[in-house]
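> Sequence lines, in order, name chains A and B. For the first sequence, position 401 matches number 401 in the numbering used here, and the numbering has no gaps at all. For the second sequence, position 82 matches number 539 in the numbering used here, and the numbering has no gaps at all. Below is the structure I would like to discuss, written out as structure tokens.
2 protein chains.
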Amino acid sequence: MSTKNIPYKIYLEEDEMPKAWYNVRADMVNKPAPLLNPQTLKPATLEELSQVFCEELAKQELDDTTAYIPIPQEILDFYKMYRPAPLVRAYCLEKKLGTPAKIYYKFEGNNTSGSHKLNSAIAQAYYAKKQGLKGVTTETGAGQWGTALSMACAYLDLECKVYMVKVSYEQKPFRREVMRTYGASVTPSPSMETEVGRKINAEFPGTNGSLGCAISEAVEAASKDENYRYVLGSVMNQVLLHQSIIGLETKAALEKYDIKPDIIIGCAGGGSNLGGLISPFVGQKLRGEADMRIIAVEPASCPSLTRGSYVYDFCDTGKVCPLQKMYTLGSGFMPASSHAGGLRYHGMSSVVSQLYHDGLMEAVSVEQTSVFAAATEFAKVEGILPAPESSHAIRVAIDEAMKCKETGEEKVIVFGLTGTGYFDMYAYQRFNDGQMGDYIPTDEEIAASLAKTPVVE
Amino acid sequence: MSTKNIPYKIYLEEDEMPKAWYNVRADMVNKPAPLLNPQTLKPATLEELSQVFCEELAKQELDDTTAYIPIPQEILDFYKMYRPAPLVRAYCLEKKLGTPAKIYYKFEGNNTSGSHKLNSAIAQAYYAKKQGLKGVTTETGAGQWGTALSMACAYLDLECKVYMVKVSYEQKPFRREVMRTYGASVTPSPSMETEVGRKINAEFPGTNGSLGCAISEAVEAASKDENYRYVLGSVMNQVLLHQSIIGLETKAALEKYDIKPDIIIGCAGGGSNLGGLISPFVGQKLRGEADMRIIAVEPASCPSLTRGSYVYDFCDTGKVCPLQKMYTLGSGFMPASSHAGGLRYHGMSSVVSQLYHDGLMEAVSVEQTSVFAAATEFAKVEGILPAPESSHAIRVAIDEAMKCKETGEEKVIVFGLTGTGYFDMYAYQRFNDGQMGDYIPTDEEIAASLAKTPVVE
């Protein structure tokens with residue numbers, strides 16, 4: 001196919017933007033296993049989930065039959081503020097690599113949260129507002145999710161309470177300040193505001209905190225005020241549903257120019273971006289309408305898909321959230337302090353896990369120094385300084401494009417560029433100074449962590 | 458006019474993008490006064506300017522008769538990577554303000570340099586490359602210009618040497634790191650690498666540096682290598698010419714929807730963004746084709762247009778660059794350390810100065826706390842966290858929209874949103890903590906500074 005008329009950036013028109021989210025579970029033959037109540041270890045009911053999540057979100061969490069769920073008008077209006085995200089033809093990267101491959105990336109970084117997280121933040125905040133709640137609580141590590149939620153809450157005039165892992169709170173003061181600018185209250189975790197926080201502070205004086213602790217604090221804070229609910233930025237089915245906007249726009253943009261993807265690549269932490277990007281394409285595969293390779297890229301330091309087990313496990317270290325059947329390294333797994341904080345998660349979305357288990361997609365792990373090398377190469381020719389997380393996808397996109405150079409194949413490679421790295425310059429500095437290392441857990445470390453994982457038949 | 462069909466964001470199609478820059482000087486009845494050679498105080502010749510700038514850029518600097526100068530294909534290709542910039546209808550801001558005004562902003566922040574500076578950086582780097590040069594030198598204060606130039610040079614495989622004011626180098630390590638990631642060498646100024654740097658270090662041990670000193674170092678470094686030239690990001694005619702892409706796109710986007718602007722607003726430091734935004738509209742005014750108010754917004758701490766004198770002055774503190782006739786506070790003026798580093802310039806583009814002198818535009822100054830209040834209000838409803846510089850324009854756009862609320866007028870207000878504030882979070886922190894002050898120079902301070910300004914008839 002001639003590429004003569006394909007612009008550098010494909011923007012959908014406003015009236016071409018998706019009006020409904022796509023729920024891939026509806027088309028899956030093997031549905032993801034149900035969530036389990038952490039007390040009873042029985043499938044969680046709508047009623048039980050509604051104590052943690054907003055009712056509408058709990059419904060979305062459990063709905064595995066409705067293929068298309070209409071996006072409320074208020075959310076569509078918010079999406080119009082920063083969407084459609086462009087599908088960019090990486091002409092400059094192709095030229096630099098000298099590859100016959102056609103490379104495209106869906107760029108989700110053109111908003112102040114700096115990532116795709118805003119797509120679900122606005123949805124979750126909207127349903128909280130609609131339910132008449134006063135506010136929401138959440139945790140944040142690297143800070144992208146907390147920023148996105150702060151923005152969504154500011155727009156809807158909803159209170160937003162973020163528990164930020166203490167070490168991030170101190171080392172990423174600018175992320176914290178963006179959230180404060182959007183009116184969120186940001187508390188370093190563990191704090192003295194919650195029981196669990198006080199307990200941890202007493203037990204481990206001077207601790208840096210952890211995501212597990214911050215989750216527990218956020219859940220406790222929400223549980224103590226009936227006008228609050230807890231919200232979260234990845235892993236859950238509802239999040240993948242909202243993030244399907246990424247894949248739907250990508251698919252529409254490709255179809256507008258009659259482009260058929262051969263390979264789709266996304267980075268994978270909890271699976272929110274990857275699941276959102278691939279959902280509509282997986283739907284095509286499931287319905288036998290099209291076929292393509294789908295590749296999840298995870299960090300070698302935290303390889304849940306490539307080296308984890310497919311079992312029931314807790315989503316959080318504090319063990320207060322429902323259990324999910326997923327590829328996991330064990331909820332107590334402590335990944336090395338990599339610079340892609342958004343990918344340091346022990347488990348994986350149950351939808352992505354099931355798709356991987358069923359052979360509908362592949363997975364590969366990459367080391368961070370090779371990821372930053374790809375990030376820098378990309379930045380120099382495509383202009384955008386990518387987030388460390390997104391750069392995992394860049395690494396594999398470049399690798400696949402170089403294979404095409406060897407074989408001469410003109411494959412169409414599409415990858416998700418989830419965000420920008422403007423708040424990750426410390427990591428780039430380590431790389432620029434040659435001080436970045438790689439860490440790969442041993443089989444023994446993973447086995448020891450998994451030994452503590454609940455086994456549920 | 459009905460606004461029903463106007464989308465949130467107007468993107469030009471790739472083939473609607475401008476193919477030539479617009480040189481407003483060609484339509485000006487009163488041309489800007491010529492540059493003066495700092496040694497002879499006579500009009501600078503092409504030959505003299507070519508010792509400092511690339512030949513093609515020196516020609517552009519002096520050309521006040523050619524209305525349209527074609528943009529080379531290589532630059533058009535680079536522009537396609539991050540342009541067209543969207544013209545955004547601020548529906549959410551309008552709703553929040555309850556104003557009948559229609560507010561639009563041209564958003565230049567969707568690229569990694571975070572501002573409009575890239576528009577001229579790529580042009581200057583291109584002509585340097587075309588002339589067969591090995592590299593360019595420049596100075597940077599806040600860091601946006603240095604970042605933009607680093608990106609352009611990385612793309613063209615040109616060396617880039619940035620002298621960064623020492624206090625910024627230390628306080629904005631992440632800006633510095635972005636430049637390094639793009640392969641630039643970044644030296645804190647004053648350094649021990651240049652004569653002028655060594656001299657200043659000897660004279661003022663432990664000095665924080667200044668823009669004036671960094672310029673002198675960059676000029677000296679370029680002058681010592683015939684394969685290098687010095688480039689700069691604002692004030693000069695050539696820069697305004699390149700930045701006319703902003704105004705041309707804005708005008709094309711407005712015309713696409715038959716929108717006629719009543720007021721155009723831009724922040725003004727050296728004048729690069731403002732001059733670029735307004736040029737095509739001023740052209741319409743000069744040719745009698747249309748009329749509208751044009752407002753330059755400057756910081757109350759550095760009010761060159763509103764409180765300076767229209768005289769010949771040096772563009773740099775080191776007094777090595779040509780003199781310009783412009784509104785100036787005196788080249789030795791030391792503005793208070795405001796948080797809008799990009800607007801802390803003692804003078805103003807000679808084009809903008811002449812237009813202001815001829816009554817073709819207005820100017821207003823605003824205090825920084827009111828600017829940050831506007832920035833925060835804007836961020837919460839429009840999603841984008843703006844740069845402090847850009848927020849000066851937001852302040853006045855909101856003020857004008859509120860006047861419309863009083864009068865009921867449905868004016869069309871267009872302002873330039875030059876960039877994002879992701880590297881300015883320290884300033885937001887000061888504001889969020891209620892620790893930001895305002896500073897307005899006294900008449901005596903300005904008079905004392907101006908007393909040292911050269912007077913050339």
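We put the CB at the ideal spot given by N, CA and C, even for glycine.
State the DSSP-derived secondary structure class of Lys559(B), mapped to helix, strand or coil.
Of the three classes helix, strand and coil, the one that applies to Lys559(B) here is strand, per DSSP.
> With a threshold of 16 other CB atoms inside 10 Å of the CB of Val913(B), please say whether the residue is buried or exposed.
Its Cβ having fewer than 16 others within 10 Å, Val913(B) is exposed.
> How big is the Cα-Cα spacing for Gln588(B) and Gly733(B)?
In a straight line, the C-alpha of Gln588(B) is about 25 angstroms away from that of Gly733(B).
> Would Gly183(A) count as contacting chain B if we go by Cβ distances under 8 angstroms?
So yes, Gly183(A) belongs to the interface.
> Given that a residue counts as buried once 16 or more other Cβ atoms are within 10 Å of its Cβ, and exposed if not, what is Met361(A)?
So Met361(A) ends up on the buried side.
> Give me the chain B residues within the contact set of Ile384(A), using Cβ-Cβ distance strictly less than 9 angstroms, ordered along the chain.
Near Ile384(A) (Cβ distances below 9 angstroms), the residues of chain B are Met538, Tyr539, Asn568, Thr569.
> Taking beta-carbon pairs under 9 angstroms, can you tell me which members of the stretch 572 to 588 of chain B lie near chain A?
Result list: Leu575.
> How close, in whole Å, do the beta carbons of Asn576(B) and Ile703(B) come, if the pair is a contact with beta carbons under 8 angstroms?
About 7 angstroms; that satisfies the 8 angstroms criterion.
> Apart from the five residues on each side of it in sequence, which residues of its chain come closer than 7 angstroms, Cβ to Cβ, to Gln695(B)?
Result list for Gln695(B): Leu514, Gln517, Glu518, in chain order.
> Spatial neighbours of Val458(A) within its chain, please: C-beta separation below 6 angstroms, excluding the five flanking residues on both sides.
There is simply no residue 458(A) to check, as chain A begins at 1 and stops at 457 in what is shown.
> Taking the beta strand (DSSP E) that Val629(B) belongs to, which residues open and close that run?
It is worth fixing the name first, because residue 629(B) is Lys in this sequence and not Val. Careful: Lys629(B) lies outside any beta strand (DSSP E) and carries neither H nor E.
> Suppose you measure from the CA of Thr3(A) to the CA of Arg293(A); what does that come to, to the nearest Å?
Confidence at Thr3(A) is low in this model, with a pLDDT of 49, below 50, so the placement of that residue is unreliable and no value is reported for it.
> Enumerate in chain order the residues of its own chain whose CB-to-CB distance from Asp438(A) is below 7 angstroms, with the five nearest sequence positions on each side excluded.
Once the five neighbours on either side are set aside, the close Cβ partners of Asp438(A) are Ala300, Glu367, Gln368, Thr369.
> Could one say the Cβ of Gln700(B) lies closer than 8 angstroms to chain A's Cβ atoms, at least one of them?
Gln700(B) does not count as touching chain A.
> Any beta-carbon of chain A closer than 8 angstroms to the one on Pro500(B)?
It does not; no Cβ of chain A falls within 8 angstroms.
> Taking only runs that begin and end inside the stretch 836 to 880 of chain B, name each unbroken alpha helix (DSSP H) of 4 or more residues, in chain order.
Segments of the alpha helix (DSSP H) lying fully in the stretch 836 to 880 of chain B: 845 to 864.
> Which class does Asp901(B) belong to by DSSP, given the choice of helix, strand or coil?
A quick correction: the sequence has Glu, not Asp, at residue 901(B). Glu901(B): helix per DSSP, three-state reduction.
> Please report whether the beta-carbon of Ala451(A) lies at a distance below 8 angstroms from any beta-carbon of chain B.
Chain B contact via Cβ: absent.
> Who are the neighbours of Phe174(A) on chain B, taking C-beta pairs under 7 angstroms?
Neighbours of Phe174(A) on chain B, chain order: Met882.
> Quick one: Cα of Val219(A) to Cα of Lys80(A), how far?
Distance between the alpha carbons of Val219(A) and Lys80(A) is about 31 angstroms.
> Answer yes or no: the CB of Leu87(A) versus the heavy atoms of the ligand ZN, is any distance below 7 angstroms?
By its list of ligands, the structure shown contains no ligand whatsoever, and the ligand ZN lies outside what it can speak to.
> Taking only beta-carbon positions, decide if Thr99(A) is within less than 8 angstroms of chain B.
No, no contact with chain B.
> Who are the near neighbours of Met1(A) in its chain, counting only those whose CB is closer than 8 angstroms to its CB and skipping five residues on each side?
Below a pLDDT of 50, predicted positions are generally treated as unreliable, and Met1(A), at 44, falls in that range; the measurement from the model is reported next regardless. Same-chain partners within the cutoff: Asp258, Ile259.
> Which residue comes first and which comes last in the beta strand (DSSP E) that contains Gln781(B)?
Unbroken beta strand (DSSP E) run through Gln781(B): 780 to 785.
> Taking three-plus beta-carbon pairs below 8 angstroms as touching, is the stretch 870 to 886 of chain B in contact with the stretch 836 to 847 of chain B?
Judged by Cβ distances under 8 angstroms, the stretch 870 to 886 of chain B makes contact with the stretch 836 to 847 of chain B, as three or more pairs qualify.
> Any idea which residues DSSP pairs Thr66(A) with across the strands?
Its beta-bridge partners do not exist; DSSP assigns none.
> Since Thr250(A) and Lys31(A) are thought to touch, with beta carbons under 8 angstroms apart, how far apart are those beta carbons, to the nearest angstrom?
Not a contact, Cβ separation roughly 24 angstroms.
> For the stretch 95 to 112 of chain A against the stretch 368 to 385 of chain A, are there 3 or more C-beta pairs whose distance is under 8 angstroms?
Judged by Cβ distances under 8 angstroms, the stretch 95 to 112 of chain A makes contact with the stretch 368 to 385 of chain A, as three or more pairs qualify.
> Can you tell me whether DSSP reads Asp770(B) as helix, strand or coil?
Note: Asp770(B) maps to strand in three-state DSSP.
> Spell out whether any CB of chain A is found under 8 angstroms from the CB atom of Ser459(B).
Any reading at Ser459(B) is ruled out, since the residue's pLDDT is 44, under 50, leaving its predicted position unreliable.
> Taking only beta carbons into account, state which residues of the stretch 136 to 157 of chain A come closer than 8 angstroms to chain B, listed in chain order.
The stretch 136 to 157 of chain A vs chain B, Cβ under 8 angstroms: Met151, Ala154, Tyr155.
> Check whether chain B comes within 8 angstroms of Ala340(A), counting only Cβ atoms and requiring the distance to be less than that.
So, not an interface residue.
> Where do the N-terminal and C-terminal ends of the beta strand (DSSP E) with Gly266(A) fall, by residue?
Taken as a continuous stretch (DSSP letters only), the beta strand (DSSP E) holding Gly266(A) covers 263 to 267.
> Report the neighbours of Cys670(B) on chain A: residues whose CB is nearer than 7 angstroms to its CB, in chain order.
Within 7 angstroms Cβ-Cβ: nothing; Cys670(B) doesn't reach chain A, min ~25 angstroms.
> Could you list the residues in the stretch 827 to 857 of chain B with a C-beta less than 8 angstroms from some C-beta on chain A, going in chain order?
Against chain A - using a Cβ distance shorter than 8 angstroms - the residues of the stretch 827 to 857 of chain B are Thr833, Ala836, Lys837, Val838, Glu839, Gly840, Ile841, Leu842.
> So for Leu46(A), helix, strand or coil by DSSP?
Note: Leu46(A) maps to helix in three-state DSSP.
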